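Trainee: Below are the structure tokens for one structure; questions will follow.
Residue numbers (this note's numbering): 67 to 291.
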């Protein structure tokens, strides 16, 4: 320190002034640079914390979605594990609940879907059926809890009659094979069940709601789907 003072005192007036100015610039630079760097570091840290929180929220949200998917998958698997009864009697029971008589029904050939599922179908023809009764019957079938679906629906209005229709419909059920029920991995069976459920829903045609049934009647004789 003594040597530095001696060195400074040995300088000329102009040199001293330059040294003082240079020291002031260095001090000001340090005083400004340190807060700036600190602020930059804090901002970077805040951004990292923000991204971390967003990642945690995304993981938690994905966990909930995965849990929901597992619940839906288990529900689908449970539905397909509940084998539907013989379709002719099942359809007749739903028809009786809606006060509909079935004059004609026919079991169709079974259709395999891969190695795990077999589709059973029964074709039914109805005569002089009211729209509201038909809707109730279809709701009874689809809401049974069995893996069944109305895979075909053809409605024809009877000419000259009010609220009277001839109907042809196919009801299909999907049964697990012995391999799927006892030998195949649980996860694979559930995956195929989900695919079949999506396929069956896309295959079935939409049913009219009871309140909209009257307004949905055809104005003249013809086919309605």
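Quick reminder that beta carbons are idealized off the backbone N, C-alpha and C, glycines included. Predicted model only: the values in this text are computed from it and were never measured.
Determine whether the beta carbon atoms of residue 243 and residue 186 lie at a separation below 8 Å.
Mentor: Here residue 243 refers to the residue found at position 177 of the chain shown. Here residue 186 refers to the residue found at position 120 of the chain shown. In this structure, residue 186 does not lie closer than 8 Å to residue 243 by Cβ.
Trainee: I want to know whether the region 191-206 touches the region 225-234 - three or more CB-CB distances under 8 Å.
Mentor: Enough Cβ pairs lie closer than 8 Å, so yes.
Trainee: From the DSSP output, which residues share a beta bridge with residue 178?
Mentor: By one-based count along the chain shown, residue 178 stands at place 112. 184, per the DSSP bridge assignment.
Trainee: Is the beta carbon of residue 166 sitting closer than 8 Å to the one on residue 125?
Mentor: Indexing the chain shown from 1 puts residue 166 at position 100. Indexing the chain shown from 1 puts residue 125 at position 59. Contact: no.
Trainee: Report yes if the CB atom of residue 239 is closer than 8 Å to the CB atom of residue 213, and no otherwise.
Mentor: Position 173 of the chain shown, counted from the first residue, corresponds to residue 239. Position 147 of the chain shown, counted from the first residue, corresponds to residue 213. Yes. Within cutoff.
Trainee: Pick helix, strand or coil for residue 286, following the three-state DSSP scheme.
Mentor: Your numbering for residue 286 matches position 220 in the chain shown. Its pLDDT being 38, under 50, residue 286 is placed unreliably by the model, and nothing is read from it.
Trainee: Grab the span of the beta strand (DSSP E) containing residue 235 for me, first residue to last.
Mentor: As a position in the chain shown, residue 235 is number 169, starting the count at 1. 231-242 is the extent of the beta strand (DSSP E) around residue 235.
Trainee: Which residue marks the beginning of the beta strand (DSSP E) containing residue 81, and which one marks its end?
Mentor: Residue mapping note: residue 81 aligns to position 15 of the chain shown, counting from 1. Careful: residue 81 lies outside any beta strand (DSSP E), inside the alpha helix (DSSP H) at 79-147.
Trainee: At the level of alpha carbons, what is the spacing between residue 136 and residue 128?
Mentor: Position 70 of the chain shown, counting from 1, holds the residue named residue 136. Position 62 of the chain shown, counting from 1, holds the residue named residue 128. Whole-angstrom Cα-Cα distance: 12 Å.
Trainee: Pick from 215, 143 and 81: whose alpha carbon is nearest that of residue 188?
Mentor: Here residue 188 is taken as the residue at index 122 of the chain shown, counted from 1. Per the Cα distances, 215.
Trainee: Which value, in whole angstroms, describes the spacing of the CA atoms of residue 205 and residue 217?
Mentor: As a position in the chain shown, residue 205 is number 139, starting the count at 1. As a position in the chain shown, residue 217 is number 151, starting the count at 1. Each residue's alpha carbon lies about 14 Å from the other.
Trainee: In chain order, what residues of the same chain have a beta carbon less than 6 Å from the beta carbon of residue 236, not counting five sequence neighbours either side?
Mentor: The residue labelled residue 236 in the question sits at position 170 within the chain shown. Cβ within range, chain order: 187, 189, 217 and 218.
Trainee: What is the DSSP secondary structure of residue 157, reduced to helix, strand or coil?
Mentor: Working through the chain shown from its first residue, we reach residue 157 at position 91. The answer is helix: DSSP assigns residue 157 an H, G or I state.
Trainee: For residue 170, which residues does DSSP report across the bridge?
Mentor: If you number the chain shown from 1, residue 170 lands on position 104. Paired residue(s): 191.
Trainee: Would you identify the three-state DSSP class for residue 210, choosing helix, strand or coil?
Mentor: Counting from one through the chain shown, the residue named residue 210 turns up at place 144. Reduced to three states, the DSSP call for residue 210 is coil.
Trainee: Based on DSSP bridge pairs, tell me the residues matched to residue 215.
Mentor: For the purposes of this step, residue 215 is taken as residue 149 along the chain shown, with counting starting at 1. Per DSSP, 238.
Trainee: Only counting the same chain, and skipping five residues up and downstream in sequence, which positions put a Cβ closer than 8 Å to that of residue 151?
Mentor: As a first step, residue 151 is located in the chain shown; it is residue number 85 there, counting from the start. Excluding residues within five positions, the ones whose Cβ falls inside 8 Å are 212.
Trainee: Starting from the C-beta of residue 176, find all residues in its chain whose C-beta is less than 6 Å away, skip the five residues before and the five after it, and write them out in chain order.
Mentor: By one-based count along the chain shown, residue 176 stands at place 110. Same-chain partners within the cutoff: 184 and 186.
Trainee: Note down the Cα distance separating residue 77 from residue 86, rounded to an integer number of angstroms.
Mentor: Start at 1 with the first residue of the chain shown, and residue 77 comes out as number 11. Start at 1 with the first residue of the chain shown, and residue 86 comes out as number 20. Using only the alpha carbons, I get a separation of about 12 Å.
Trainee: For residue 223, which of 209, 193, 210 and 180 has the nearest alpha-carbon?
Mentor: Walking along the chain shown from the start, residue 223 turns up at place 157. Among 209, 193, 210 and 180, the Cα nearest to that of residue 223 belongs to 193.
Trainee: Where residue 156 and residue 130 are concerned, what is the direct C-alpha to C-alpha distance, given to the nearest angstrom?
Mentor: Locating residue 156 in the chain shown gives position 90, where the first residue counts as 1. Locating residue 130 in the chain shown gives position 64, where the first residue counts as 1. In a straight line, the C-alpha of residue 156 is about 38 Å away from that of residue 130.
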